[in-house]
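Counting from 1 along the sequence shown, just add 9 to a position and that's the residue number in the working numbering.
Scroll down for the structure; my scribbles are underneath it.
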Amino acid sequence: MRTTATLALVSSLFLTTAAQAQLLNVYLPGEGPLVNGTTVVKYGQPSDNIVSQQLPVVLNAANSTEVGLKRYELSATAGTDNYFCWYDCWLPAAAGTHPLWYAINPYTLQPGVQFNGFYADVMPQGLTSDHSFLFVWYDVADTTDSVSVRIDFEIAEGAGIAERTDVVNAFSAMPNPSLDGAVNLDIDLAKWSGHEELMLRDATGRISMRRNITQGTRRVDLQAGELAPGVWMATLLSDGAVLATRRLVVAGH
């Protein structure tokens with residue numbers, strides 16, 4: 010069963026914001042193409058805990074600008090959960106409970122500086138499903154200055170690309186999202202070099218922690234309060250090379 014919003018007004022908004030002067034540019038990750046006013050499709054599997062789509066943004070204005078974000082749930086499959094992050098992250102909510110959802114707080118962007126704190130997330134809960142969301146970024150001081158992107162999630166068996174397992178048997182984080190920043194990172198490596206480490210970056214890419222990992226370590230515990238609310242990237246390295254990366258979410262208020 011799918012929950013579906015009334016699309017007429019939202020479709021009009023999508024077309025209008027795509028045609029207006031661009032407040033900011035939205036890109037696919039990894040120096041991907043500009044996606045303003047388009048639809049991005051993200052694939053996942055029912056067994057995935059979280060299916061996540063990150064979109065970097067770059068402010069086009071000449072001065073720092075406070076940018077808000079709102080999300081329209083166009084459709085979603087009942088029995089699944091979803092949420093999003095605009096620096097601060099909401100806790101997961103059941104499909105259909107937030108047809109219009111505003112970011113916890115606006116975020117002040119700097120001209121020309123890429124910001125990596127936007128994520129759209131679906132928790133499939135074991136279900137084959139599909140979901141559509143329209144995200145609208147807007148200037149808090151002038152809400153008519155806005156940019157929109159639609160994100161569609163397609164969740165089915167066999168979707169997505171399997172992670173390489175020649176070295177990393179497992180690298181997982183629980184709980185994720187975390188309410189207070191306490192996270193247990195479970196590690197299972199097929200091979201150790203003796204020079205493994207854990208690196209944490211915040212949404213701006215700043216390295217906040219590097220920690221050496223003793224050979225054979227099976228778990229690294231991050232204590233409550235170590236991570237501020239927001240999105241973090243935990244990267245497992247060996248001899249300076251990246252083995253695996255996991256996104257950590259510390260929920261806002």
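We put the beta carbon where it would ideally sit given N, CA and C, even for glycine.
Please give the ranges of any beta strand (DSSP E) in the region 64-121, keeping only runs that are unbroken, at least 3 residues long and fully inside the region.
66-68, 74-86, 90-95, 109-111 and 116-118
Between which two residues does the beta strand (DSSP E) containing Ile59 stretch?
Here residue 59 corresponds to residue number 50 of the sequence shown, with the count starting at 1. Taken as a continuous stretch (DSSP letters only), Ile59 belongs to no beta strand (DSSP E), as it is neither H nor E.
Best match in Gln232, Leu207, Leu118 and Gly234 for proximity to Thr223 [C-alpha to C-alpha]:
In the sequence shown, counting from the first residue as 1, residue 223 sits at position 214. Answer by Cα proximity: Leu207.
Assuming Leu257 is part of the beta strand (DSSP E), what are its boundary residues?
Within the sequence shown, residue 257 is the residue found at index 248, counting from 1. That run of the beta strand (DSSP E) goes Ala250 to Val259.
Between Val35 and Val156, how many whole angstroms is the CB-CB distance? I'm expecting something under 8 Å.
If you number the sequence shown from 1, residue 35 lands on position 26. If you number the sequence shown from 1, residue 156 lands on position 147. At roughly 6 Å, the Cβ-Cβ gap stays under 8 Å, so Val35 and Val156 are in contact.
Start and end of the beta strand (DSSP E) containing Val156?
As a working mapping, residue 156 is identified with position 147 in the sequence shown. Note, Val156: beta strand (DSSP E), Asp151 to Ile164.
So what does DSSP say about Glu205, is it helix, strand or coil?
Counting from 1 along the sequence shown, the entry for residue 205 is found at position 196. Note: Glu205 maps to strand in three-state DSSP.
Backbone CA spacing between Val60 and Leu100 [nearest angstrom]
The count along the sequence shown starts at 1 and reaches residue 60 at position 51. The count along the sequence shown starts at 1 and reaches residue 100 at position 91. So the two alpha carbons sit approximately 15 Å from each other.
Let me check understanding here. Comparing Cα to Cα, which of Ser73, Ala85 and Thr254 lies closest to Leu136?
The residue labelled residue 136 in the question sits at position 127 within the sequence shown. When only C-alpha atoms are compared, the closest one is Ala85.
Helix, strand or coil for Ala199 per DSSP?
Position 190 of the sequence shown holds residue 199. Looking at Ala199 - three-state DSSP - the assignment turns out to be coil, as it is neither helix nor strand.
Give me the residue from Leu33, Ile160 and Leu236 with the minimum Cα distance to Val122.
Walking along the sequence shown from the start, residue 122 turns up at place 113. Of the candidates Leu33, Ile160 and Leu236, the one whose C-alpha sits nearest the C-alpha of Val122 is Leu33.
What are the start and end residues of the beta strand (DSSP E) that includes Arg4?
The structure shown has nothing for residue 4, since the chain only spans 10 to 262.
Hey, out of Asn125, Asp130 and Phe162, whose CA is closest to Val67's CA?
Counting from one through the sequence shown, the residue named residue 67 turns up at place 58. That would be Asn125, whose Cα lies nearest to the Cα of Val67.
So Val49 packs on Gln62, CB below 8 Å; how close in whole Å?
Indexing the sequence shown from 1 puts residue 49 at position 40. Indexing the sequence shown from 1 puts residue 62 at position 53. Val49 to Gln62, Cβ: 6 Å. Contact.
By how many angstroms is the C-alpha of Leu209 removed from the C-alpha of Gly225?
Residue 225 sits at position 216 when you count from the first residue of the sequence shown. Residue 209 sits at position 200 when you count from the first residue of the sequence shown. Roughly 20 Å separates the two Cα atoms.
N- and C-terminal bounds of the beta strand (DSSP E) containing Gly53
Along the sequence shown, one-based indexing puts residue 53 at 44. Taken as a continuous stretch (DSSP letters only), the beta strand (DSSP E) holding Gly53 covers Thr48 to Gly53.
Taking just the CA atoms, how far does Val76 sit from Asp248?
Mapped onto the sequence shown, residue 248 falls at position 239. Mapped onto the sequence shown, residue 76 falls at position 67. For Asp248 and Val76, the distance between alpha carbons rounds to 40 Å.
Leu246, DSSP secondary structure in three states
For the purposes of this step, residue 246 is taken as the residue at position 237 of the sequence shown. Here Leu246 sits in strand by DSSP.
Ignore the nearest five residues each way along the sequence and tell me which others in Ser181's own chain have a CB closer than 6 Å to its CB.
Taking the sequence shown and counting its residues from 1, the one referred to as residue 181 is at position 172. Closer than 6 Å at the Cβ level, and outside the excluded window around Ser181, lie Asp195.
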